[in-house]
Amino acid sequence: MTNVDEVYERLRGTGPERDGWLSNHAPMAAEALIRHGHERIVHRWLDDYADRLETRPRGISPVLADDWESPLGDPTRTGDWLNFFDRELALAPWREVLVSWWPRLLPGIAAGATHGVIRVGHAVRSLIDGPTPARIGELGQGLAYWAARWQPLAPPGAGPYPATDPRSALDAVPRVPDQRSGARERLAQLAATPGWAGASGAVPGDPADDVPTRLAAIVEAATLRHGTHGYAAPVMLVHAATAPSAVARVLPVLPDALWKPSLAAAWSATAAITAAYSPGTARPVPARPPELVMALAAEDGDEHAIKFADTALDVYARTGSARVLDSARHSIHLLGA
-17 MTNVDEVYER
-7 LRGTGPERDG
3 WLSNHAPMAA
13 EALIRHGHER
23 IVHRWLDDYA
33 DRLETRPRGI
43 SPVLADDWES
53 PLGDPTRTGD
63 WLNFFDRELA
73 LAPWREVLVS
83 WWPRLLPGIA
93 AGATHGVIRV
103 GHAVRSLIDG
113 PTPARIGELG
123 QGLAYWAARW
133 QPLAPPGAGP
143 YPATDPRSAL
153 DAVPRVPDQR
163 SGARERLAQL
173 AATPGWAGAS
183 GAVPGDPADD
193 VPTRLAAIVE
203 AATLRHGTHG
213 YAAPVMLVHA
223 ATAPSAVARV
233 LPVLPDALWK
243 PSLAAAWSAT
253 AAITAAYSPG
263 TARPVPARPP
273 ELVMALAAED
283 GDEHAIKFAD
293 TALDVYARTG
303 SARVLDSARH
313 SIHLLGA
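In this text, residue positions in the sequence shown follow the working numbering: the first is -17, and each later residue adds one.
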């Protein structure tokens, strides 16, 4: 039987990206497979994924604790950031390092098309189960990736805005005008997109609800919306759900003072991915056979399908909604098409 520490040790020498910008999904997908009872196939899955892994990059010049802002968002310094967080986590408890760096990294939540925060979310979930050197090392890799690809979004507008339910709020997010380019180019259009400041600043949900409840509702809305809108960009629109899900996984180890900023950043990430990739019209979700969601994703083998199924199952555990499972099965079908 495979545990997550074996996976993290196996992947320790790999880099967070390949081909210059594509994310290494192996540690995230493997953690999700193991958590949902598919540990027997993990090493075979990793064998199949091996040709998409690159060697951990070397450093150029050390990142200094008192001069960390200048290399922030510089992907050529990825190796330096990996070395930096290895040192930081060797000197202080992992929760202390995370709490120190979370507010620094949170404004750049779009890093790596949100894969930085997603990788951190998977690592923290494993650490909550019990800290081990391998899990702490994986947290360092996630934080380093986030720092190296740190990318802020266009700032939201100032309120007040009417409270809305998350699904309606997502439907109201404006689309960027040019949807032919890559993620960085699409997200760069947000500042000039009419309606963006208002949509991103209007964090949906009842202000009387607590932050976990509002964040869970955003994840649920994005998960369901993938079923009706994912046909346009199945892979990229996954992250509208998995990015806020990652933030939700980190909340339990953050001080309360960081919860509201985390909620706002999670919503901005969901809204940004929606603006960049969502089509203008919905398509109905067809009925699907009642396969177990993670089993279907595991059979498909696509790393985004596995991570999306993981998030969908979190939503289902909270809501018991059959619509979530229908949407997830359809989305996995789209991702495997």
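Backbone N, C-alpha and C fix where the C-beta goes; we use that ideal spot for every residue, glycine too.
Collapsed DSSP secondary structure at residue i in the structure displayed
i      : result
L4     : strand
T60    : helix
E13    : helix
E(-1)  : strand
I91    : strand
T301   : helix
D284   : coil
T175   : coil
D296   : helix
T224   : helix
T263   : coil
D188   : coil
M(-17) : Confidence at M(-17) is low in this model, with a pLDDT of 46, below 50, so its placement is unreliable and no value can be given for it.
R(-7)  : Per the sequence presented here, residue -7 reads as Leu, with Arg not at that position. L(-7): helix per DSSP, three-state reduction.
G55    : coil
H97    : helix
A215   : coil
P113   : coil
H312   : helix
G19    : coil
L233   : helix
H208   : helix
L121   : helix
L274   : coil
Buried versus exposed call for residue i [16 or more other C-beta atoms within 10 Å across all chains shown]
i     : result
T43   : This sequence places Ser at residue 43; Thr is not what is there. S43 is exposed by the Cβ-count criterion.
R311  : buried
W3    : exposed
L46   : exposed
T256  : buried
D284  : buried
G(-5) : exposed
K242  : exposed
T263  : exposed
D82   : Before going on, a small fix: residue 82 reads as Ser here, not Asp. By the neighbour-count rule (16 or more Cβ atoms within 10 Å), S82 is not buried but exposed.
T58   : exposed
D292  : buried
E(-1) : buried
P148  : buried
P115  : exposed
D238  : exposed
R207  : buried
E202  : buried
S163  : exposed
A126  : buried
P234  : exposed
Beta carbon proximity, residue i to chain D, threshold 7 Å
i    : result
P134 : As a matter of chain content, chain D is missing from the structure shown, which is built from one protein chain.
Cα-Cα separation, residue i to residue j
i     : j    : result
S309  : A93  : 27 Å
L317  : D48  : 43 Å
A230  : R196 : 10 Å
A352  : A254 : With the chain covering only -17 through 319, there is no way to say anything about residue 352.
A258  : E167 : 9 Å
G(-3) : P39  : 6 Å
V220  : G212 : 8 Å
P113  : T146 : 39 Å
P268  : L278 : 16 Å
E105  : I118 : Checking the sequence, you will find Ala at residue 105 rather than Glu. Each residue's alpha carbon lies about 8 Å from the other.
V24   : P176 : 45 Å
S150  : R305 : 17 Å
L(-7) : Y298 : 30 Å
R107  : I288 : 16 Å
G180  : A170 : 17 Å
A198  : L15  : 21 Å
G19   : L152 : 33 Å
E21   : E36  : 23 Å
D56   : W63  : 10 Å
P216  : S313 : 7 Å
A280  : H286 : 11 Å
F290  : L54  : 28 Å
A72   : L109 : 15 Å
P320  : L236 : Residue 320 lies beyond the stretch modelled for the chain, which goes from -17 to 319, so this question has no answer here.
The ligand SAH heavy atom lying under 6 Å from the CB of residue i
i    : result
Y127 : Inclusion of the ligand SAH in the displayed structure is not the case, the ligand content being empty and no account of it being possible.
Touch test, the region 75 to 93 against the region 121 to 135, Cβ-Cβ under 8 Å, three pairs minimum = yes
Can you find at least 3 beta carbon pairs, one from the region 217 to 227 and one from the region 176 to 193, that sit closer than 8 Å?
-> no
Touch check for the region 54 to 68 and the region 190 to 199: three-plus C-beta pairs under 8 Å?
-> no
Mind pulling the alpha helix (DSSP H) runs of 4 or more residues that sit fully within the region 128 to 166?
-> 148 to 153
Specify whether the region 94 to 106 and the region 120 to 133 touch according to this definition: at least 3 beta carbon pairs, one from each stretch, less than 8 Å apart.
-> yes
Between the region 105 to 124 and the region 74 to 84, are three or more C-beta pairs nearer than 8 Å?
-> yes
Counting pairs of beta carbons, one from the region 26 to 41 and one from the region 152 to 172, are three or more of them closer than 8 Å?
-> no
If you scan the region 29 to 53 from start to end, which runs of the beta strand (DSSP E) of 3 or more residues do you find wholly inside it?
-> none
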